[in-house]
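Right, one structure below, let's go through it.
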Amino acid sequence: MRPFRRIDAVEALRAAIGESGEGADPTLGTLLSAFEDDSSTARWRLDANLGAQAYSNARRDPLHPSGPDGVRPYVDLGLTGVFGNVVAVARPSLEPRLTDDPAWPGRRNLDVTGRHADAYISAQFKWVRLFYGQMDMNWGPVGVPGIGLSNYGYPRLTVGFELGRPSLGLRALAADLLDETAADGSVIHRYFFAHRLHVQVSKRLAL
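Oh and the sequence shown: position 175 is 175 in the working numbering, straight run, nothing missing.
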């Protein structure tokens, strides 16, 4: 599922390595090294990615392919700052593919097009975690796309919270949806609310 916290991934990987002992898959150690973070109270990180996007359909939604094919350059810059219990993340990207995507809501007459793939701030404590911003999310099972909410294929600004622990907790989020126009011309404001109660029954079963 996305989102997940680095510390949760580290704890799960350490547990898997501990159970496997000397016969642990080397991939687990590689992942652990990638997710382990500096333990200092205040820290920051900068990552840059440069590459290309090749696509048969420019639209992000694989269930409703649309738009031309092509190969376009791609650049993003990941900025992360941790200050005690507060985390701030920004990942602006230059993505020329956007102007080929029929679902892209931004301007199409620009030579250079970009977006914030991730941009959020989060406060994380033992029993409570707060979130405001945007990122790609999937509440479905691992490897299976989540429930489609609309034909809008890009993250929205969202506010959310989580109460409890990984074994038992409540998650909730809220976001603005695009306004619609009624037959009489009046504007209909729309909102999205979701909540999820999760229980970890065993290592292999979660409800």
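Where is the CB? At the ideal position from N, CA and C, for every residue including glycine.
How is residue i classed by DSSP in three states: helix, strand or coil?
{"i": "Ser-56", "result": "coil"}
{"i": "Val-10", "result": "helix"}
{"i": "Pro-96", "result": "helix"}
{"i": "Glu-36", "result": "coil"}
{"i": "Gly-70", "result": "strand"}
{"i": "Ala-103", "result": "coil"}
{"i": "Ser-202", "result": "strand"}
{"i": "Ser-122", "result": "strand"}
{"i": "Gly-153", "result": "coil"}
Would a C-beta distance cut-off of 8 Å place residue i and residue j closer than the cut-off?
{"i": "Leu-163", "j": "Val-128", "result": "yes"}
{"i": "Ala-194", "j": "Leu-173", "result": "yes"}
{"i": "Leu-177", "j": "Phe-192", "result": "yes"}
{"i": "Thr-80", "j": "Arg-45", "result": "yes"}
{"i": "Phe-161", "j": "Phe-125", "result": "no"}
With a threshold of 7 Å on Cβ separation, who are the neighbours of residue i within its own chain once the five nearest residues in sequence on each side are excluded?
{"i": "Leu-31", "result": "Leu-13"}
{"i": "Asp-69", "result": "Tyr-55, Ser-56 and Asn-57"}
{"i": "Arg-43", "result": "Val-82"}
{"i": "Val-187", "result": "Asp-179 and Thr-181"}
By how many angstroms is the C-alpha of residue j removed from the C-alpha of residue i?
{"i": "Val-75", "j": "Ile-7", "result": "27 Å"}
{"i": "Phe-35", "j": "Ala-9", "result": "7 Å"}
{"i": "Thr-27", "j": "Pro-65", "result": "34 Å"}
{"i": "His-189", "j": "Ile-17", "result": "50 Å"}
{"i": "Ser-167", "j": "Gly-84", "result": "24 Å"}
{"i": "Gly-51", "j": "Glu-95", "result": "10 Å"}
{"i": "Thr-99", "j": "Val-159", "result": "28 Å"}
{"i": "Gly-185", "j": "Arg-108", "result": "27 Å"}
{"i": "His-198", "j": "Phe-4", "result": "14 Å"}
{"i": "Gly-133", "j": "Arg-156", "result": "8 Å"}
{"i": "Tyr-120", "j": "Val-112", "result": "23 Å"}
{"i": "Pro-73", "j": "Ala-183", "result": "42 Å"}
{"i": "Ala-15", "j": "Asp-37", "result": "17 Å"}
{"i": "Gly-29", "j": "Asp-61", "result": "33 Å"}
{"i": "Ala-24", "j": "Arg-196", "result": "33 Å"}
Bridge partners for residue i per DSSP, in chain order?
{"i": "Asn-85", "result": "In DSSP, Asn-85 forms no bridge with anything."}
{"i": "Gly-114", "result": "Leu-94"}
{"i": "Asp-184", "result": "Answer by DSSP bridge pairing: none, since Asp-184 is not bridged."}
{"i": "Gly-169", "result": "Gly-164 and His-198"}
Starting from the C-beta of residue i, find all residues in its chain whose C-beta is less than 6 Å away, skip the five residues before and the five after it, and write them out in chain order.
{"i": "Asp-118", "result": "Val-89, Arg-91 and Met-135"}
{"i": "Asn-49", "result": "Asp-76"}
{"i": "Ala-123", "result": "Asn-85, Val-86 and Leu-130"}
Only counting the same chain, and skipping five residues up and downstream in sequence, which positions put a Cβ closer than 8 Å to that of residue i?
{"i": "Arg-59", "result": "Pro-65, Ser-66, Gly-67, Asp-101, Pro-102, Ala-103 and Gly-153"}
Got a sec: is the Cβ-Cβ distance from residue i to anything in chain C below 8 Å?
{"i": "Val-199", "result": "Looking at the structure shown, chain C is missing, and only one protein chain is on hand."}
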